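Comments concern the structure below.
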Amino acid sequence: MLTLAFIRENKESILKGLAVRNFKNANVIIDNIIKKDLSKRQIKTELDQALAESNKISKEIGVFFKTGEVQKANILKEKTGQLKQQSKALNETLIKIEDELNELLYQVPNIPNPLVPVGNSEEDNETIFQEGEIPKLHEGAIPHWELAKKYDIIDFELGNKITGAGFPVYKGKGAKLQRALISYFLDKNTEAGYTEVQPPLLINEASGIGTGQLPDKEGQMYHVGIDNLYLIPTAEVPVTNFYRDVLLKESDFPICNTAYTPCFRREAGSYGAHVRGLNRLHQFDKVEIVRIEHPEKSYEALEGMVNHVKGILQELDLPYRILRLCGGDLGFTSALTYDFELFSTAQDRWLEISSISNFETFQANRLKLRFKNKEGKSQLAHTLNGSSLALPRVLAALLENCQTENGIKIPEVLQKYTGFDMID
RNA sequence: GGAGAGGUGGCCGAGUGGCUUAAGGCGCACGCUUGGAAAGCGUGUUUAUAAGGAAUUAUAACAAGGGUUCGAAUCCCUUUCUCUCCGCCA
1 MLTLAFIREN
11 KESILKGLAV
21 RNFKNANVII
31 DNIIKKDLSK
41 RQIKTELDQA
51 LAESNKISKE
61 IGVFFKTGEV
71 QKANILKEKT
81 GQLKQQSKAL
91 NETLIKIEDE
101 LNELLYQVPN
111 IPNPLVPVGN
121 SEEDNETIFQ
131 EGEIPKLHEG
141 AIPHWELAKK
151 YDIIDFELGN
161 KITGAGFPVY
171 KGKGAKLQRA
181 LISYFLDKNT
191 EAGYTEVQPP
201 LLINEASGIG
211 TGQLPDKEGQ
221 MYHVGIDNLY
231 LIPTAEVPVT
241 NFYRDVLLKE
251 SDFPICNTAY
261 TPCFRREAGS
271 YGAHVRGLNR
281 LHQFDKVEIV
291 RIEHPEKSYE
301 ALEGMVNHVK
311 GILQELDLPY
321 RILRLCGGDL
331 GFTSALTYDF
341 ELFSTAQDRW
351 LEISSISNFE
361 TFQANRLKLR
371 FKNKEGKSQL
381 AHTLNGSSLA
391 LPRVLAALLE
401 NCQTENGIKI
411 PEVLQKYTGF
421 DMID
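Be aware that the first sequence starts at 1, since it is given in my numbering, and climbs by one per residue.
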């Protein structure tokens, strides 16, 4: 969420930014926040004064009791009684205002970077780069869900039987290819300076709030009620939360982590042809990169992450493009997002396989992730993350684009991980 | 899961109702000392919020939340985590 100080001082540019997102009622909400912030501060001052007075008198009472002047002490006791009531009332008001304020703040999305194009939907996203040749498939080429069946490498029905739709079972060379992709992605990331971590796959409430999944989006996550834990929708959540309530030194930057985890998403409301096969799953594997950066370096870092993922796709030799998301398609917490899409030839459509974002201080504010700056003051850090990469759609595009009449040809960089060069 | 013991600052550790934001030590920073270093000596060393131009001041925080009291690190309740023993277990 945005900080109050930022809202107080940048009302006009915030309203402009929210307009890029087509955010409704921005004016009303921001004005309300500013008004509530003002009264919050007034009440806080009043409360502090009442408490200070009360503390002072309590000390005097202590002295009177010591010296045996009980009567004098009792007179003062009455006085503190009043003050106590007063401060109790003030405190209740303060808590109420703070709650209301937070509720309002939770509604306000991040302010888009000036590069973000105006737009309503994914049609308005800007394609900024495209590379790789779209292969000409042989006669009778088929989509990945049919290939999966033909070569018996993914069993959707079996997953359906033991869990439900969206939980496929990978088999044989399919399972091995998954493992190969994970290892390959992790190796690429660690080579680029990311530290590999293995986080828990379940998170508590505080972590969900830290990265913004809670309180609004609990419907997207699987919830283990008995222990009040949530299955992670992405490694971003546990890994970014490593740094919740942390005060860093400037010399700690940059912090670069990478993690492979399964991801669990309820995807409530998704259906239709576009969710067929591997296109949208409830459980899928993903290798994530997460960075914590000095505010002055975060956009450099974002560019670095984009170039890094580019490098991977070039090695895989798959046709991809990079989009700069428009205001309407930009995630709630993001200031600037680049999406990577692979072209799935047999489906004749682009599949999103990575989303790389700079959240600036939006997550850090909730996380209370700060660092001591040169002036010795604590300042919010910037957080970034991106996929490198999400497996199912990479697999889908790979199967479809690399299919030949004799089988599926494994990209060369993966062969040392798979131990085979053909699925047939 | 059962029984017991605990949770105090960056770390160790004292502290069972007021003079404790917190002794003492370690660490760290700066200064003095020194040919240089170590030792020694001195000073400083949490965070958040509010007020102020600033120095600063006030409030809050001793696992978390609530309660008793004029006053709570200290007493009571709830939750949580850690350790020890027992049970179960990959």
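Just so it is clear, CB atoms sit at the ideal spot from N, CA and C, and this is done for glycine as well.
This structure is a prediction, so every number in the text was calculated from the model and none was measured.
Starting from the Cα of E296, find the closest Cα among F253, L201, N32, L186 and give me that residue.
Residue mapping note: residue 296 aligns to position 296 of the first sequence, counting from 1. Answer by Cα proximity: F253.
Quick one: any contact between the segment 143-150 and the segment 322-334, if contact means 3 or more CB pairs under 8 Å?
Flag = no, the segment 143-150 and the segment 322-334 do not touch.
Among E12, R324, K161, N241, which one has its Cα closest to the Cα of E122?
For the purposes of this step, residue 122 is identified with residue 122 of the first sequence, where counting begins at 1. If we check each option's Cα against that of E122, R324 comes out closest.
Within 10 angstroms of its Cβ, does S344 collect 16 or more other Cβ (buried), or is it exposed?
Your numbering for residue 344 matches position 344 in the first sequence. S344 should be labelled buried.
So P238 and P200 are supposed to be a Cβ contact under 8 Å. How far apart are they, rounded?
Sequence index remark: in the first sequence, residue 238 carries index 238 (1-based). Sequence index remark: in the first sequence, residue 200 carries index 200 (1-based). Sure, about 6 Å apart at Cβ, within 8 Å.
Which whole-angstrom value describes the C-beta separation of S378 and L247, a residue pair presumed to lie in contact below a C-beta threshold of 8 Å?
Numbered from its first residue, the first sequence carries residue 378 at position 378. Numbered from its first residue, the first sequence carries residue 247 at position 247. Confirmed, Cβ separation roughly 6 Å.
I'd like the span of the alpha helix (DSSP H) that includes A268, first residue to last.
The residue given as residue 268 occupies position 268 in the first sequence. Here A268 belongs to no alpha helix (DSSP H), and DSSP marks it neither H nor E.
Note down, in chain order, each residue of its chain lying with its Cβ closer than 6 Å to the Cβ of G166, except the 5 sequence neighbours on either side.
Against the first sequence, residue 166 aligns to sequence position 166. For G166, where only same-chain residues beyond five positions count, the Cβ hits under 6 Å are L281, H282.
For Q86, tell me which candidate among Q49, T211, Y106, D329 has the shortest Cα-Cα distance.
Position 86 of the first sequence, counting from 1, holds the residue named residue 86. Closest by alpha carbon: Q49.
Mind reading off the beta-carbon distance from L101 to I33? Whole number of angstroms is fine, and I expect it under 8 Å.
Here residue 101 refers to the residue found at position 101 of the first sequence. Here residue 33 refers to the residue found at position 33 of the first sequence. Confirmed, about 7 Å.
Is it the case that the Cβ atoms of Y260 and L367 are separated by a distance below 7 Å?
One-based indexing of the first sequence puts residue 260 at position 260. One-based indexing of the first sequence puts residue 367 at position 367. Their beta carbons are not under 7 Å apart, which means Y260 does not touch L367 by this criterion.
Kindly list the residues whose CB is nearer than 7 Å to the CB of L90, restricted to its own chain and excluding five residues on each side of it in sequence; keep chain order.
Taking the first sequence and counting its residues from 1, one reaches residue 90 at position 90. Same-chain partners within the cutoff: I43, E46, L47, A50.
For the alpha helix (DSSP H) that H382 lies in, which residues bound it at each end?
Within the first sequence, numbered from 1, the residue matching residue 382 stands at position 382. Looking at the DSSP string, H382 is not in any alpha helix (DSSP H); the run it does join, the beta strand (DSSP E), is 382-390.
Measuring only from the beta carbon, is S13 closer than 6 Å to any heavy atom that is part of the ligand SAH?
Although the ligand SAH was asked about, the structure shown includes no ligands whatsoever.
If we require 4 or more residues per run, which alpha helix (DSSP H) segments fall completely within the segment 331-409?
Qualifying alpha helix (DSSP H) stretches, in chain order: 362-367, 391-401.
With a Cβ-Cβ cutoff of 7 Å, do Q220 and R291 count as a contact?
Position 220 of the first sequence, counted from the start, is the residue given in the question as residue 220. Position 291 of the first sequence, counted from the start, is the residue given in the question as residue 291. No; because the gap between Cβ atoms is not below 7 Å, this pair is not in contact.
Rounded to the nearest angstrom, what separates I209 and L229 at their Cα positions?
Here residue 209 is taken as the residue at index 209 of the first sequence, counted from 1. Here residue 229 is taken as the residue at index 229 of the first sequence, counted from 1. Distance between the alpha carbons of I209 and L229: 12 Å.
May I have the straight-line CA-CA distance separating M422 from G407, to the nearest angstrom?
Within the first sequence, residue 422 is the residue found at index 422, counting from 1. Within the first sequence, residue 407 is the residue found at index 407, counting from 1. Using only the alpha carbons, I get a separation of about 6 Å.
State buried or exposed for P215, treating a residue as buried only when at least 16 other CB atoms are found within 10 Å of its CB.
Numbered from 1 along the first sequence, position 215 holds the residue referred to as residue 215. So P215 ends up on the exposed side.
Is the segment 104-124 touching the segment 1-14 in the sense that three or more CB pairs, one from each, lie closer than 8 Å?
Cβ pair count under 8 Å is three or more, so yes.
Would you mind stating whether H432 and S298 have Cβ atoms separated by less than 7 Å?
Missing from the structure shown is residue 432; the chain here goes from 1 to 424 and no further.
In this structure, does DSSP put N257 in helix, strand or coil?
Against the first sequence, residue 257 aligns to sequence position 257. N257: strand per DSSP, three-state reduction.
Cβ atoms of P168 and G17: under 7 Å apart, would you say?
If you number the first sequence from 1, residue 17 lands on position 17. If you number the first sequence from 1, residue 168 lands on position 168. In this structure, P168 does not lie closer than 7 Å to G17 by Cβ.
Give me, in chain order, the residues of the same chain whose beta-carbon lies closer than 8 Å to that of L115; leave out the 5 immediate sequence neighbours on both sides.
The residue given as residue 115 occupies position 115 in the first sequence. Correct list, in chain order: R324, L336.
Contact defined as beta carbons within less than 8 Å: I believe V309 pairs with I356. What is the distance between those atoms, to the nearest angstrom?
Position 309 of the first sequence, counted from the first residue, corresponds to residue 309. Position 356 of the first sequence, counted from the first residue, corresponds to residue 356. The Cβ separation is near 7 Å, so the contact holds.
Can you tell me the Cα-Cα spacing of P233 and E293, whole angstroms?
In the first sequence, residue 233 corresponds to position 233, counting from 1. In the first sequence, residue 293 corresponds to position 293, counting from 1. Roughly 23 Å separates the two Cα atoms.
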